[in-house]
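Okay, so the sequence shown: first residue is 0 according to numbering that gives the first Met the number 0, each after it adds one.
We put the CB at the ideal spot given by N, CA and C, even for glycine.
Because the structure is a prediction, the values reported are computed rather than measured.
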Amino acid sequence: MRGLCLVALLLLPWTTRAAPPGSANALPSLSKDDADKALRAFRNSGLNCDLVIRFELKHLPRTGNATNPEKGTLWMSWKHGFPAVRIEMGNTRFLMVRRNSESLLWQYRDNVVSKVSGADALKPLITGYLFAPFDLQAPFTHWENTVYESTERHRGRPLNMFLAKAPSDNPAAPVRFGLDRAYVALIEATTLDANGKPSRQMLIEDFAQVDEQWILGKASVRDEVTRNRDILEAKSACVNASLEANIFSPESLAKPAPATEGTFHSL
0 MRGLCLVALL
10 LLPWTTRAAP
20 PGSANALPSL
30 SKDDADKALR
40 AFRNSGLNCD
50 LVIRFELKHL
60 PRTGNATNPE
70 KGTLWMSWKH
80 GFPAVRIEMG
90 NTRFLMVRRN
100 SESLLWQYRD
110 NVVSKVSGAD
120 ALKPLITGYL
130 FAPFDLQAPF
140 THWENTVYES
150 TERHRGRPLN
160 MFLAKAPSDN
170 PAAPVRFGLD
180 RAYVALIEAT
190 TLDANGKPSR
200 QMLIEDFAQV
210 DEQWILGKAS
220 VRDEVTRNRD
230 ILEAKSACVN
240 ASLEANIFSP
250 ESLAKPAPAT
260 EGTFHSL
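Here's what the structure looks like:
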């Protein structure tokens with residue numbers, strides 16, 4: 000397989016790696032050096048093609064009926080030498096850029112393009128839903144104050160678990176996240192409250208393969224208090240797309256992105 004890419008979920012693609020030898024039940028801890036190497040490999044990885052995903056987002060309250068799916072499109076590229084993601088849902092548009100450890104976010108709402116920072120990045124993409132730019136951008140994977148905790152099993156897969164704490168000027172709560180030990184891919188992220196208890200959890204539920212490229216198939220966010228959930232599911236994708244570099248500038252958010260040239264594959 001050429002690569003493994005997740006959109007999260009979304010500034011975070013990775014290269015596949017062979018599974019480590021040994022017993023499938025053994026979960027040895029990493030040394031500090033190996034943990035640092037695993038985290039560094041994840042942070043330094045990148046996608047070797049432009050990517051477009053058409054997705055649906057729906058809200059599932061613990062009681063009552065699920066909402067009708069909201070449709071959206073995601074564009075992803077490394078044209079500027081760093082990951083950039085553009086998302087459009089109706090008349091709302093987002094641009095996410097990561098330069099080294101700095102995560103930047105802009106949005107277009109109510110006919111205005113503005114930079115988003117601090118607590119505003121935690122606001123839902125859609126009022127009443129759970130998924131927020133923070134979940135899709137996953138800045139916690141690059142916070143400086145990140146330590147390896149343990150290796151645990153999740154759905155049969157060994158995950159290296161890290162605890163990340165935000166910089167002092169960032170209001171975000173600590174996040175405990177897990178990287179697949181074999182594929183160095185983000186699989187889960189749990190936000191902790193002031194008492195260290197889980198308050199919300201993001202899970203990568205499934206993957207899809209398009210032209211030898213592995214991409215996000217389905218992801219969820221669950222509020223651990225209300226037990227409400229959001230499901231983001233990819234419906235079709237175009238890899239090796241030819242995207243214009245200027246659609247990843249903040250100014251471009253004032254207009255919808257042009258139609259993508261390329262073949263979309265249903266997922």
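E243 carries a coil assignment under DSSP once its states are collapsed to helix, strand and coil. Taking the C-beta atoms as reference points, A218 is found nearer than 9 Å to I203.
The secondary-structure analysis by DSSP pairs T91 across a beta bridge with M88.
Collapsing the DSSP output to three states places L215 in a strand. A207 and N227 have their alpha carbons spaced roughly 25 Å apart. If you ignore the 5 residues before and after S28, its C-beta comes within less than 7 Å of the C-beta of S149, T150, all in its own chain and listed in chain order. The C-alpha of N194 is placed about 34 Å away from the C-alpha of I86. The alpha-carbon of H79 is positioned some 21 Å away from that of Q212. Inclusion of P82 and L129 in the CB contact set at 9 Å is not warranted, their separation being larger than that value. E260 sits exposed, since fewer than 16 C-beta atoms from the chains shown fall within 10 Å of its C-beta. L266 is not a Cβ neighbour of S76, given a cutoff of 9 Å.
Non-local beta-carbon contacts of D222 in its own chain, meaning distances under 7 Å to residues more than five positions away in sequence, involve L129, R199 in chain order. Per DSSP, the continuous alpha helix (DSSP H) segment holding K31 begins and ends at 31–43. The three-state reading of DSSP puts S248 in coil, since its state is none of H, G, I, E or B. Within the region 121–201, the beta strand (DSSP E) runs of at least 3 residues that lie entirely inside it are, in chain order, 144–153, 156–164, 174–179, 185–191.
Between the region 139–146 and the region 115–123, the count of Cβ pairs shorter than 8 Å is below three; the stretches do not touch. Judged by DSSP in its simplified three-state form, G261 adopts coil rather than helix or strand. Around the Cβ of R154, a 10 Å sphere holds fewer than 16 other Cβ atoms; the residue is exposed. Only residues of its own chain outside the window of five on either side were considered, and among them G71, L73, L231, E232, A233, K234 have a CB closer than 7 Å to the CB of F54, listed in chain order. Distances from the alpha-carbon of D229 to those of A34, N67, V238 put N67 closest. With respect to the C-alpha of R42, the residue from R97, T91, P60 having the closest C-alpha is R97. Between the alpha carbons of F133 and T91 lies a distance of about 16 Å. Around the C-beta of P255, fewer than 16 other C-beta atoms lie within 10 Å, and the residue is accordingly described as exposed. Contact check for T145 against K114 fails: the beta carbons are separated by 9 Å or more.
A direct Cα-Cα distance of roughly 16 Å separates L104 from N245.
Residue pairing by DSSP places L50 opposite M75, V238 in a beta bridge.
By the neighbour-count criterion, in which 16 or more other beta carbons inside 10 Å mark a residue as buried, S100 falls on the exposed side.
In this structure, the straight-line span from the alpha carbon of P197 to that of L191 is close to 5 Å.
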